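Take 0 as the starting number for the sequence shown in numbering that gives the first Met the number 0 and just add one per residue. Beta carbons: idealized from backbone N, C-alpha and C, even for Gly. Just so we're clear, the structure is a prediction, and the values are computed from it rather than from any experiment. Below you'll find the structure, written out as structure tokens, and then a few comments.
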Amino acid sequence: MTATRTDPSEVVRELMGAHPHECVVCYVGRMVQRFDCDGSWRWVQTWREQRAPRATRLERRLGVRGASCDCELQLRAYEVEPRALAVAWDGPIASVGHCLEVRAGSTQPCRLWRLAQRNWWAGECHAPQTC
Ligand SMILES: [Zn+2]
Ligand SMILES: [Zn+2]
Numbered sequence: 000m001t002a003t004r005t006d007p008s009e010v011v012r013e014l015m016g017a018h019p020h021e022c023v024v025c026y027v028g029r030m031v032q033r034f035d036c037d038g039s040w041r042w043v044q045t046w047r048e049q050r051a052p053r054a055t056r057l058e059r060r061l062g063v064r065g066a067s068c069d070c071e072l073q074l075r076a077y078e079v080e081p082r083a084l085a086v087a088w089d090g091p092i093a094s095v096g097h098c099l100e101v102r103a104g105s106t107q108p109c110r111l112w113r114l115a116q117r118n119w120w121a122g123e124c125h126a127p128q129t130c
């Protein structure tokens, strides 16, 4: 028999792992870009399991801010802080990929994000499901 060094759970961690101190908005943005949104909070929940397991009311708080699924987090709830736009200039917001980091267990977004002003543009989830 041959022993394989590739433990499936390691692969999953590599693909879906949150970076140390990565904030929820940056993480969910990365995952939605790679795996897409399915109209649920699955990436928010994946982030929470890794970074802030006690934040059980996270989805509700995000819902208050106008988001109802992972992708709407960046479409409706938060927008890039204009002063951070220089960082995002080269590509779509979701591909910024340079989280400015938050302290462990914090459910706040990093300084790359601010609450969406929601007066000029609000996208909606494009997942085929109900949202
Ligand atoms: Zn961040
Ligand atoms: Zn969505």
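- For ligand 1, the residues with a Cβ under 7 Å from any of its heavy atoms are, in chain order, E21, C22, V24, C25, C98, L99, E100, V101, P108, C109, L111, W112.
- With respect to the C-alpha of H97, the residue from G65, C124, R56, G28 having the closest C-alpha is G28.
- Here E58 carries a helix assignment [DSSP, helix/strand/coil].
- Leaving aside the five residues that flank R110 on each side, the residues in its chain whose CB is nearer than 8 Å to its CB run, in chain order, E80, A83, L99.
- Excluding sequence positions up to five before and after E58, its CB lies within less than 7 Å of the CB of W40, V43, all in the same chain and listed in chain order.
- By the neighbour-count definition (other C-beta atoms within 10 Å, threshold 16), A76 is a buried residue.
- According to the DSSP assignment, V79 belongs to the beta strand (DSSP E) that extends over 77 to 79.
- The C-beta separation of R47 from G104 comes to about 10 Å, leaving the pair out of contact by the 8 Å criterion.
- Going by DSSP, R12 is part of the alpha helix (DSSP H) stretching over 7 to 15.
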